[in-house]
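Just add 240 to the spot in the sequence shown (first one is 1) and you have my numbering. Glycine is no exception: its CB is placed at the ideal position from the N, C-alpha and C atoms. Nothing here was measured: the structure is a model prediction, and the numbers come from that model. Written out below as structure tokens is the structure these notes cover.
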Amino acid sequence: MTSDVLLEWVRRIWGPNRDDVRRLLVLDQAPIHKTDAARKAIAAKDTDVVFVPGGCTSIVQPADISWMKPFKDSLRETWASFIQAGAVTPKGNLKKPSRQDVMNFVSKAWAAVSEEVVARSFKRCGISTALDGSEDGELHERLASAVPPSAALPTTSNSVREEVVDLLFDSESDCSFDGFDDE
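Encoded structure:
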């Protein structure tokens, strides 16, 4: 992705904040997400940004934990079907899919992902509208299962052991966590 593409996504897809409520955008550590232009464009949309620490997207990023694999599997299957159909050009070469074909592939793959799966993916990451934490159980269970058996687990949901924090924010990661803006 280029800076121009990200800025266009912010402008056209993330779009204007019509309900006048601050929003939260959770992004991975891709350098493109951290440019000054990206930060300014996102901030102009009444949006707070949280960068997922390196190595943690498989735990806390909804697409990674729930629907990206079935989406990509469906996309590959549709693409393979197109190739296996064996359409050829007048010179006998394998015909490449048109833009419309690719749009149809993506549309079909996205349709294969149910709204329920997408909604549940956020809850599995601890992202919900239940501010009391009542829907965070799956995230805590998944975090606990990521801890090696030899590590001691917290005895209450309000206590977090140093081992769990170290696991999530490992300083040996090749990506760093920039923290939260004070704005």
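Residue from GLN301, ASP260, VAL250, ILE305 whose Cα sits closest to the Cα of LEU267: As a first step, residue 267 must be located in the sequence shown, where it is residue number 27. Minimum Cα distance to LEU267 is reached at GLN301.
Tell me which residue opens and which closes the beta strand (DSSP E) that LEU265 is part of. In the sequence shown, the residue the question calls residue 265 occupies position 25. Residues 263-267.
Contacts around PHE362, its chain only, beta-carbon distance under 6 Å, and the 5 residues preceding and following it disregarded: Numbered from its first residue, the sequence shown carries residue 362 at position 122. For PHE362, where only same-chain residues beyond five positions count, the Cβ hits under 6 Å are PRO302.
Discussion item. On the CB-based measure, 16 or more other CB atoms within 10 Å of its CB, does VAL292 come out buried or exposed?
Written reply: The residue labelled residue 292 in the question sits at position 52 within the sequence shown. So VAL292 ends up on the buried side.
Problem - Whole-angstrom distance between GLY373 and ASN398, CA atom to CA atom - result: On the sequence shown, residue 398 is found 158 positions in, with the first residue counted as 1. On the sequence shown, residue 373 is found 133 positions in, with the first residue counted as 1. Reliability fails at ASN398, whose pLDDT of 48 lies under 50, so the model's placement of it is uncertain and the value that follows must be treated cautiously. So the alpha carbons of these two residues sit roughly 11 Å apart.
Margin query: Strictly by DSSP, which residues pair up with ASP276?
Written below: Taking the sequence shown and counting its residues from 1, one reaches residue 276 at position 36. None, per the DSSP bridge assignment.
Next on the checklist: To the nearest angstrom, how far is the alpha carbon of SER347 from that of ILE323?
Outcome noted: Taking the first residue of the sequence shown as position 1, residue 347 is located at position 107. Taking the first residue of the sequence shown as position 1, residue 323 is located at position 83. Looking at the two C-alpha atoms, the distance is approximately 18 Å.
query = Can you check whether the CB of LYS285 is closer than 8 Å to the CB of TRP249?
reply = In the sequence shown, counting from the first residue as 1, residue 249 sits at position 9. In the sequence shown, counting from the first residue as 1, residue 285 sits at position 45. Cβ atoms of TRP249 and LYS285: not closer than 8 Å.
What does the alpha-carbon distance come out to for the pair ALA278 and LYS331? Position 38 of the sequence shown holds residue 278. Position 91 of the sequence shown holds residue 331. About 45 Å.
- What is the DSSP secondary structure of VAL287, counted as helix, strand or coil? Locating residue 287 in the sequence shown gives position 47, counting from the first residue. Note that residue 287 corresponds to Thr in the displayed sequence, not to Val. Residue state, collapsed to three classes: strand.
Rounding to the nearest angstrom, what Cα-Cα distance links ARG316 and SER243 in this structure? Along the sequence shown, one-based indexing puts residue 316 at 76. Along the sequence shown, one-based indexing puts residue 243 at 3. If I take the Cα positions, the gap works out to 27 Å.
Practice item. Please work out which residues of its chain come closer than 8 Å, Cβ to Cβ, to ARG360, disregarding the five sequence neighbours upstream and downstream, and give them in chain order. Key: On the sequence shown, residue 360 is found 120 positions in, with the first residue counted as 1. Cβ within range, chain order: SER306.
Which whole-angstrom value describes the C-beta separation of MET308 and ILE272, a residue pair presumed to lie in contact below a C-beta threshold of 8 Å?
As a first step, residue 308 must be located in the sequence shown, where it is residue number 68. As a first step, residue 272 must be located in the sequence shown, where it is residue number 32. Wrong, their Cβ atoms sit about 19 Å apart, outside the cutoff.
Looking at C-alpha atoms only, which residue of ASN257, ASP304, VAL358, PRO337 is the closest neighbour of THR318? The residue given as residue 318 occupies position 78 in the sequence shown. Considering only alpha carbons, the answer is PRO337.
For VAL375, which residues in the same chain have their Cβ closer than 6 Å to its Cβ, ignoring the five residues on either side in sequence? As a working mapping, residue 375 is identified with position 135 in the sequence shown. With the sequence shown as reference, residue 375 is identified as Glu, and Val is not the correct amino acid for it. LYS363, SER368, listed in sequence order.
Query raised in the report: Is it the case that the CB of ALA270 approaches a heavy atom of the ligand COA more closely than 7 Å?
Result: Among the components of this structure there are no ligands whatsoever, and the ligand COA is therefore not found.
LYS280 to ALA270, Cα distance in whole Å?
-> If you number the sequence shown from 1, residue 280 lands on position 40. If you number the sequence shown from 1, residue 270 lands on position 30. So the two alpha carbons sit approximately 16 Å from each other.
Residue closest to THR287, alpha-carbon to alpha-carbon, out of LYS312, ARG258, ASP313, SER298:
By one-based count along the sequence shown, residue 287 stands at place 47. If we check each option's Cα against that of THR287, ARG258 comes out closest.
- Query: Between ALA349 and the rest of its own chain, which residues show a CB-CB distance below 6 Å, the 5 nearest in sequence each way excluded?
  - Reply: Translated into the one-based positions of the sequence shown, residue 349 becomes position 109. Around ALA349: PHE311, SER314, LEU315.
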